[in-house]
Each structure stands twice: as C-alpha cells, then as structure tokens.
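Worksheet for the structure shown next.
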Amino acid sequence: MSRSATTSNNYRCGSSYQAQLTVTKSTSTYTWISDSFVKGKNSQGIGASLLLRKEFPPLLKIVYPNCCGIDVHKTFVIAVIAITNNQGITEYHRKRFSTFTNGLIQLRGWLEYYSCFDVCMEATGKYWIPVFNILEEQTTVCLAHPKYVKAIRGKKTDKKDAQWIADLFKHDLVASSFIPPAQNQTTP
1 MSRSATTSNN
11 YRCGSSYQAQ
21 LTVTKSTSTY
31 TWISDSFVKG
41 KNSQGIGASL
51 LLRKEFPPLL
61 KIVYPNCCGI
71 DVHKTFVIAV
81 IAITNNQGIT
91 EYHRKRFSTF
101 TNGLIQLRGW
111 LEYYSCFDVC
121 MEATGKYWIP
131 VFNILEEQTT
141 VCLAHPKYVK
151 AIRGKKTDKK
161 DAQWIADLFK
171 HDLVASSFIP
181 PAQNQTTP
C-alpha cells in the first residue's frame, strides 16, 4: 500500500472554529471548515468557508546543474561533483587527489570526464594557487573566501566541506574573489 504525498488533519480551535490542514510537499492549505458559531450566529454561519493558502518558499534556483566543490589542503584536495537532473535530484561524485602536479592533472581529467566545467574552491592560504593554475585553462574557477563557505556547526569532515561548497555553488550563493589576469600577476 503506497503512502499518499498529501496528509490532512482536522483541528478544533475552541468551540467556535474548526479547521482542516492539508499539506503537500510544496504547499500547505488551511481551510476553515466551520465558522457557524461565530459571535452567537445561527448554524448557517455568517459567511462562506474561508480558504487561506500558505506557500512554502520555492526551492532555490539551480544555476550550475553540473558543478564541483573543492576543499583544498596542503597535500591533498577533496573534490565533489554535484550533478542535478531536471527533477532537482542531485547525484554526488567524490574523490581525493594529491596536490602534486600529476594529481591535479588527474583532477582536471576527472572533471572533464563528468563534463564539469564550473568549479568552486575555498581559498586556503597559499595552497589554492597550484590547483587554480591547473584548472583555470579548462574550467571556470570560483575562488571563495573561507568565511563565506564555512560549514555550519556539526560533525565537519573534508568530504562534507567539499559537498557543502558544491551545494552553495550550484545555487550561486558564493561570491567569487577577484584574481587578476596572469599577465598582471607578479611572481616572486
């Protein structure tokens, strides 16, 4: 027996009012079933049933349906690709790569395999620079300040951090840091 996506409950508010609450996944509807006893009026009531509709906020718009979040460390990076289909269901692919050149080239190939050309990564000290340099040729890289992609309290792990960055980025909730063009950058 399948469970219905719609639930309905009746509520009595004192002796005068009765309401029915109907909840679906996207909206909830409050229907006043009876106002017949308002201020001593007869059983016919003083007016028609009142229908109030309360809508939940729509889901956030998905700007990047195929994107990657990268959590950068000194010797490794954790990359999570978030692929969202037309129904809004997101599939995650997670992998760890070394920060040596060969590992970053593997990361670039992995992103290309999943046709992921939008990447967001946390600017962690100076460790983001080689990752950015390898990825900027083939992808659009959003470099995010750690303050703006910091995960909410709880059990933090590197995998969860990378997924959090990907989730924020797919909804375009991350402000990109400015990086000057290569010809304007100075090398020490």
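What the sequence shown shows, in the UniProt record's numbering, is residues 1 to 188, in sequence order.
Cβ coordinates follow ideal geometry from the N, Cα and C atoms, glycine included.
Keep in mind that this is a model prediction, so the values were computed, not measured.
Give me whichever residues DSSP pairs with residue i in a beta bridge.
i: Ala-82; result: Cys-67 and Tyr-92
i: Phe-76; result: Ser-98
i: Ala-162; result: Answer is none; Ala-162 lacks a bridge partner.
With a Cβ-Cβ cutoff of 8 Å, do residue i and residue j count as a contact?
i: Ile-165; j: Cys-120; result: yes
i: Arg-108; j: Gln-138; result: yes
i: His-73; j: Tyr-127; result: yes
i: Ile-105; j: Ile-78; result: no
i: Pro-65; j: Lys-170; result: yes
i: Asp-118; j: Thr-101; result: no
In this structure, how does DSSP classify residue i when only helix, strand and coil are distinguished?
i: Phe-117; result: coil
i: Glu-122; result: strand
i: Thr-139; result: coil
i: Ala-182; result: helix
i: Ala-175; result: coil
i: Thr-29; result: Low per-residue confidence applies at Thr-29: pLDDT is 43, beneath 50, and the placement is therefore not dependable enough to give any value.
Tell me whether residue i is buried or exposed, calling it buried when 16 or more other Cβ atoms sit within 10 Å of its Cβ.
i: Ala-82; result: buried
i: Gly-88; result: exposed
i: Ile-70; result: buried
i: Glu-91; result: exposed
i: Leu-60; result: exposed
i: Glu-122; result: buried
i: Gln-185; result: exposed
i: Ala-162; result: buried
i: Ala-175; result: exposed
i: Ala-144; result: buried
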